[in-house]
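Residue numbers (this note's numbering): 1382 to 1740. Cβ atoms here follow ideal geometry from the backbone N, Cα and C, with glycine treated the same way.
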């Protein structure tokens, strides 16, 4: 079909690397799973597609008269940058730069071509309108790994996904690809908190990628497991044999634009406006930098040197911070680094007092 060939060419010319088409249908399997996991508490307080499962599994609610869903993927696999020598925090690979912007541009180019041909078409990327992994599976782009990511045959899961919902009638791609994981369970074994509770099932209450975004006190039982991660967690993807064999994307982002590591003490010194300017593409609940500061304090406790003067100065400052969430995590960090001498005798806030008397 000439139109499909044109759309595929536009997508590939725009830097999108995988392209598929699925018939517009209510995503019944995904809907059942979302409701079941939400009912079981596995989604914790997470919103996104869990916020309204009926809406996020219904392409007809997004585009009136929808007939087809075009799905595209763009790789975010990049060569690993050098690990810095200074006290630093790791950023998950997908957040090293804004990979969704070029994905969105490519999808919009496809949608523009469809509209020029007289069709309705709307592009979605990093959006809770549709469960794009489910549509990508239906469109034959990949299979669901045991880590719940979509794996592209021969290339793995280092992809961001997006789609275009349209009223154009387009021929669907071949049937979904078969499961390529076999008996491998390295992702399940490799999760630092045991968050993969069954093949393809994530308990968000244990998942570091969610916990670093969730507001409130970081769960005590997972603080050590956080290690040096400031945003996201790649462990279940890093151990995947298919991902280990995958090559970086053919065209890359200049190294200075990649933010794979963040200096911890520098971050703790920044004002709110600067944090938002540098890391505004990260999801911060309420656009409040307090949550990334909280994560940095946990990392400081895990990886800092309690005898270092700069570390001590940061601890002292945050032990006196007006925000009790930050005081609480500063107490934990100071205790973990053997600096009980810096701690106050008590505090007006119960969460801070709980940290002071914790075993």
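Which residues does DSSP list as the beta-bridge partners of residue i?
i	result
residue 1505	1544
residue 1451	1402 and 1545
residue 1642	1471
residue 1579	1582
residue 1487	Residue 1487 pairs with nothing; no bridge assigned.
residue 1533	1537
residue 1456	1540
residue 1664	Beta-bridge pairing links residue 1664 to no other residue.
Going by the CB atoms, is the gap between residue j and residue i shorter than 7 Å?
i	j	result
residue 1550	residue 1448	yes
residue 1429	residue 1509	yes
residue 1450	residue 1516	yes
residue 1714	residue 1737	no
residue 1603	residue 1574	yes
residue 1514	residue 1627	no
residue 1543	residue 1488	yes
residue 1404	residue 1553	yes
residue 1684	residue 1615	no
residue 1623	residue 1491	no
residue 1460	residue 1642	no
residue 1617	residue 1562	no
residue 1424	residue 1579	no
residue 1728	residue 1734	yes
residue 1606	residue 1588	no
residue 1548	residue 1501	yes
residue 1711	residue 1699	yes
residue 1666	residue 1555	no
Provide the residue span of the beta strand (DSSP E) that contains residue i, from first to last.
i	result
residue 1470	1469 to 1472
residue 1610	1610 to 1612
Would you mind working out which of the options sits nearest residue i, comparing C-alpha positions?
i	options	result
residue 1731	1598, 1544, 1416 and 1459	1598
residue 1670	1649, 1679 and 1526	1649
residue 1518	1488, 1559 and 1393	1559
residue 1612	1687, 1703, 1504 and 1676	1676
residue 1593	1678, 1619, 1620 and 1638	1678
residue 1437	1546, 1605, 1470 and 1539	1546
residue 1402	1393, 1385, 1443 and 1411	1385
residue 1691	1646, 1710 and 1456	1646
residue 1512	1435, 1578 and 1393	1435
residue 1483	1693, 1396 and 1666	1396
residue 1471	1522, 1580, 1639 and 1728	1639
residue 1718	1733, 1696 and 1725	1696
residue 1494	1389, 1704, 1668 and 1651	1389
residue 1590	1475, 1726 and 1432	1475
residue 1652	1473, 1664, 1673 and 1666	1673
residue 1538	1556, 1457, 1548 and 1462	1457
residue 1557	1654, 1644, 1601 and 1452	1452
residue 1570	1601, 1621 and 1530	1621
residue 1740	1601, 1443, 1417 and 1722	1601
residue 1462	1705, 1629 and 1427	1629
residue 1469	1644, 1705 and 1504	1644
residue 1432	1445, 1412, 1444 and 1446	1412
residue 1445	1503, 1393 and 1415	1503
How should residue i be labelled, buried or exposed, when 16 other C-beta atoms within 10 angstroms of its C-beta is the threshold for buried?
i	result
residue 1499	exposed
residue 1478	buried
residue 1688	exposed
residue 1521	buried
residue 1566	exposed
residue 1526	buried
residue 1533	buried
residue 1523	buried
residue 1440	buried
residue 1420	exposed
residue 1473	buried
residue 1694	exposed
residue 1660	buried
residue 1410	exposed
residue 1407	exposed
residue 1664	exposed
residue 1418	buried
In terms of residues, what are the limits of the alpha helix (DSSP H) holding residue i?
i	result
residue 1674	1671 to 1684
residue 1522	Unbroken run through residue 1522: none, as it is neither H nor E.
residue 1694	1690 to 1700
residue 1652	Counting along the chain, residue 1652 falls outside any alpha helix (DSSP H), and DSSP gives it neither H nor E.
residue 1710	1705 to 1717
residue 1393	1383 to 1394
residue 1571	1567 to 1571
residue 1604	1604 to 1607
residue 1591	1589 to 1592
For chain C, is any of its Cβ atoms less than 7 Å away from the one on residue i?
i	result
residue 1733	Within the model displayed, chain C is absent; a lone protein chain is all it includes.
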